[in-house]
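Asker:
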Amino acid sequence: MLVFISLDEFYTQGAGATAVARERVILEATAEAVSRGVIPGTPVRLARRRCPGLEVRDFRAEDYAERYEQAWSVCAEFTPQVETVDLHEGFLDITQDMKRFGGTDKLVKELGLELAKRARVKLKWGGGADKWMAWLARQHGQFVAPVMETLVLSKLPVESMALPERATERLHHFDIHTVAQVMSLPAGFLEAHLGFEREFVLSKMTRHKESVRVNFPAPSVSITEEIADSDEQRVERAVMQAARSLTERLCEAKLWTTLLRVRFASKTRAEARDVKLQASELTATRLERMLFEQLPGNLRAALRRIEIEAHGLLPMVAPQSTLWGERVRGDADQALERVQARLAARFGSTTLLNGTEAFERQQPRFAQLVYQTRGISLP
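The sequence shown finishes on residue 606 if you use my numbering, and the numbering steps up by one all the way, no holes.
1) Pull up the distance between the alpha-carbon of L530 and that of V312, whole angstroms please.
2) Which one of M388, K358 and S262 has the shortest CA to CA distance from Q408?
3) So what's L526 in DSSP terms, helix, strand or just coil?
4) Decide if S233 is buried, meaning its Cβ has at least 16 other Cβ atoms within 10 Å, or exposed.
5) Which class does K349 belong to by DSSP, given the choice of helix, strand or coil?
6) Could you say which of L273, L363, P267 and L518 lies nearest to E452 if we only look at CA atoms?
7) Determine the DSSP secondary structure at F519, reduced to helix, strand or coil.
8) Report buried or exposed for T577, applying the criterion of at least 16 other Cβ atoms within 10 angstroms of its Cβ.
9) With R275 as the anchor, note down where its alpha helix (DSSP H) starts and where it stops.
10) Suppose the cutoff is 7 Å on Cβ atoms and the five residues either side in sequence are ignored; what does the same chain contact list for Q297 look like?
11) Who are D320's beta bridge partners in DSSP?
12) Report buried or exposed for G505, applying the criterion of at least 16 other Cβ atoms within 10 angstroms of its Cβ.
13) Hey, how far is the Cα of I266 from the Cα of S449?
14) Can you give me the C-alpha to C-alpha distance between C302 and Q460, rounded to a whole angstrom?
15) Check whether the region 268 to 279 touches the region 244 to 252, taking contact to mean three or more Cβ pairs, one atom from each stretch, closer than 8 Å.
16) Three or more beta-carbon pairs under 8 Å between the region 377 to 391 and the region 463 to 474, yes or no?
17) If you drop the 5 nearest sequence neighbours on each side, which residues of the same chain put their C-beta closer than 7 Å to that of G552?
18) In terms of alpha-carbon separation, which member of P523, V502, N525 and G524 lies closest to L514?
19) On a CA-only basis, which of D320, M410, R272 and R490 is nearest K358? Give me that one, please.
20) Can you look up V379 in the DSSP assignment and give me helix, strand or coil?
21) Who pairs with G355 in a beta bridge, going by DSSP?
22) Tell me the rounded alpha-carbon separation between C607 and S447.
23) So for T257, helix, strand or coil by DSSP?
24) Give the DSSP bridge partners of A288, in chain order.
25) Can you check which of these residues, L314, S262, L273 and T395, is closest to L421 by C-alpha distance?
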C-alpha cells in the first residue's frame, strides 16, 4: 500500500503574491497568487501576466536543505520506507506500518499534524496499490482500492496528470477528458498530436508496477584516497581519482551535495576544509579544480591522504512540470499546424475538430480516425 505525499508551503510561506520558480517554471505559489491563476507548472512569463506585481524568487535547493531534513525525518518516524522524488514530494510504503495507527486515514492524519507542528508544512496525499495510482489520487486525500480503480480513472480529469496547458487543451479538442481515455491512446497519437517523444510516453505515461526505493535518510558518501609517495604527478592523479570516485558515487545514488568536508593529511599533520556548494550536478572536472584550490601549499609536497565527505545531501531530481516541458518537442506547435492543414485539405475544415463534432458534421473519415485512436467503433 503506497502513499504519495506533497508538502504544501514548503517553498513559500506567508502572505502576498509570491512564487518560487525553477527552470523558468512556477514550482510553488502562495494562496493569493494561486487565486489569480499562478499554479505549479505555469511558465513564469504567463504567471506575471496573470498576476501583475507577482514576486518570483529563483529556486536554490541549498536554501531548503534544513526544511527538507526536518520534514522527511518526520515521515521516516512513521515508516522507514521513504522515497523522496523531489524536495517536497515523495512516496511512503505503509503496508507494514498502518496497523500500528489503526488504518491509512489515521496514519496520514497524524502525519499531517506532526508535519504542520514541526516543519510548518501542509500535507496533501493520495494512496493506491502502486505509485502511479497514488500520484493520481494526490488531490483527493484518499486511498483508491484496486476494485475502484476503473471507476476512479474514468472520472479523473486529464488535469490530474499535470500535463502542460497546451497538451491538455489539445486533448480536450479531441474530446478526451479523463485519465482513462488518455491511457487508452496509442503512443503514436501522443507523439503526433501532443508532441511528446516516444521514449517519454513509454516511461512516464505508461503504468509501471514498481516498489518504493528507499533513499531517505540519504546514505553516507565519502571517499579516501591514499598516496604512497608524494610527488607532483602522484598527487595530481590522486586528486583526479578522488574527484571522479565521489562524483560517480553521487550520480549513482542520484544525490546532490551542498557541503563537502575535505581533509588533507601528511604523515605529521592534517588540515580540514569545508566547501559550500550550490545544489547542482557536480562534475569531476569541477570538483578536481576545487580540490586543487583548497589544497594547502605546505602539504602539497608531503601529501599522503585525501578524505572527502559529502554532507547536506538532496535528491537529484527534476520537477514533474519541468520534465514535461523538456520532453515536449520544440516543433509541437508546427506539428499541430500541419495536422490542421491536412484536415482542412481533406475535410474542408480550418479548425481542429473533436470526434463528436466531426461525426455530427458527417465527416466520417476524420471521425473514424479520432474514434479509432480511442479504441471505439463508430456508432
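Glycine included, every Cβ here is placed at the ideal spot set by N, Cα and C.
Answerer: In terms of the structure at hand:
1) 40 Å
2) Among M388, K358 and S262, the Cα nearest to that of Q408 is on M388.
3) L526: coil per DSSP, three-state reduction.
4) buried
5) strand
6) L518
7) helix
8) The predicted model places T577 with a pLDDT of 48, which falls under 50 and marks its position as unreliable; any figure quoted below should be read in that light. Looking at its Cβ environment, which holds fewer than 16 other Cβ atoms inside 10 Å, T577 is exposed.
9) Per DSSP, R275 belongs to the alpha helix (DSSP H) from V271 to R277.
10) R345 and A346
11) L229
12) Residue identity check: residue 505 is Gln in the sequence provided, not Gly. Per the 10 Å Cβ criterion, exposed.
13) 39 Å
14) 48 Å
15) yes
16) no
17) With a pLDDT of only 44 at G552, under 50, the local geometry of the prediction cannot be trusted, and the value read off the model is given with reservation. Beyond the five residues adjoining it in sequence on each side, G552 comes within less than 7 Å, by CB distance, of V252 and P391 in the same chain, given in chain order.
18) V502
19) Nearest Cα to K358 within the set D320, M410, R272 and R490: D320.
20) helix
21) L229
22) Residue 607 is absent from the model: the chain starts at 228 and stops at 606.
23) Note: T257 maps to coil in three-state DSSP.
24) In the DSSP output, where bridge partners are listed per residue, A288 has none listed.
25) T395
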